[in-house]
Amino acid sequence: MDPKVRDLYRRFLLVGRDYPLGLSHVREKVKAAFFLNRNLTDPVAVKKAIKRGRWMVREIVGVIQLKKYRTLNSRYTPADLREKLRDIENRRVLEEQEGRDDKKNCDSDTS
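Here it is, written out as structure tokens:
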């Protein structure tokens, strides 16, 4: 077995400790994915699979960071401030949608 493959498996297990669904969930999914690719012998295919695995590790780290941010935000941001921020975001989204609708109307009028 390629040492990079073992290293990738270790990375998944280390990152899986903090994953919101738990290490057991990550271990099951990773084990299944590794078993699907166990017959790869072509070095190019192995490198490609390792590259995809490293990308997945980075994605898992991103999910973990987002979960931690949301937890801290919910704990330390007052409820009234959260409501104000949500209102500002909703207004911005509505204005963007109205801008798109106006642009569509202008485009259809000129046609």
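Just so we're aligned: the sequence shown equals residues 1 to 111 in UniProt numbering.
Virtual Cβ for every residue (Gly too), placed ideally from N, Cα, C.
* Helix, strand or coil: how does DSSP classify Pro20 here? -> Sequence index remark: in the sequence shown, residue 20 carries index 20 (1-based). If DSSP states are grouped into helix, strand and coil, Pro20 belongs with coil.
* Got a sec? Which residues, its chain only, sit under 7 Å from Arg54 by beta carbon, not counting five neighbours each side? -> The residue given as residue 54 occupies position 54 in the sequence shown. Excluding positions up to five away in sequence, the list reads Leu8.
* Let me know the secondary structure DSSP gives residue 121 once reduced to three states. => What the structure shows of the chain is the stretch from 1 to 111, and residue 121 is not part of that stretch, so it cannot be assessed.
* To do: Using the Cα positions of Lys31 and Arg11, report the straight-line distance between them to the nearest angstrom.
  => Counting from one through the sequence shown, the residue named residue 31 turns up at place 31. Counting from one through the sequence shown, the residue named residue 11 turns up at place 11. One alpha carbon belongs to Lys31, the other to Arg11, and they sit about 13 Å apart.
* Asked: Measuring CB to CB, does Val93 end up less than 8 Å from Ile60?
  -> For the purposes of this step, residue 93 is identified with residue 93 of the sequence shown, where counting begins at 1. For the purposes of this step, residue 60 is identified with residue 60 of the sequence shown, where counting begins at 1. In this structure, the beta-carbon distance from Val93 to Ile60 does not fall below 8 Å.
* Asked: Buried or exposed: Ala45, going by 16 or more other Cβ atoms within 10 Å of its Cβ?
  -> On the sequence shown, residue 45 is found 45 positions in, with the first residue counted as 1. By the 10 Å Cβ count, Ala45 comes out exposed.
* Asked: Roughly how many whole angstroms lie between the Cα atoms of Ala49 and Glu83?
  -> Position 49 of the sequence shown holds residue 49. Position 83 of the sequence shown holds residue 83. Rounded to whole angstroms, Ala49 to Glu83 spans 44 Å at the Cα level.
* Asked: So what's Arg6 in DSSP terms, helix, strand or just coil?
  -> Locating residue 6 in the sequence shown gives position 6, counting from the first residue. Helix at Arg6.
* Asked: Does the distance from the CB of Pro20 to the CB of Val63 come in under 8 Å?
  -> Numbered from its first residue, the sequence shown carries residue 20 at position 20. Numbered from its first residue, the sequence shown carries residue 63 at position 63. In this structure, Pro20 sits near Val63, with a CB-CB distance shorter than 8 Å.
* Pull up the distance between the alpha-carbon of Asn73 and that of Asp18, whole angstroms please. => Residue mapping note: residue 73 aligns to position 73 of the sequence shown, counting from 1. Residue mapping note: residue 18 aligns to position 18 of the sequence shown, counting from 1. Cα to Cα, Asn73 sits roughly 18 Å from Asp18.
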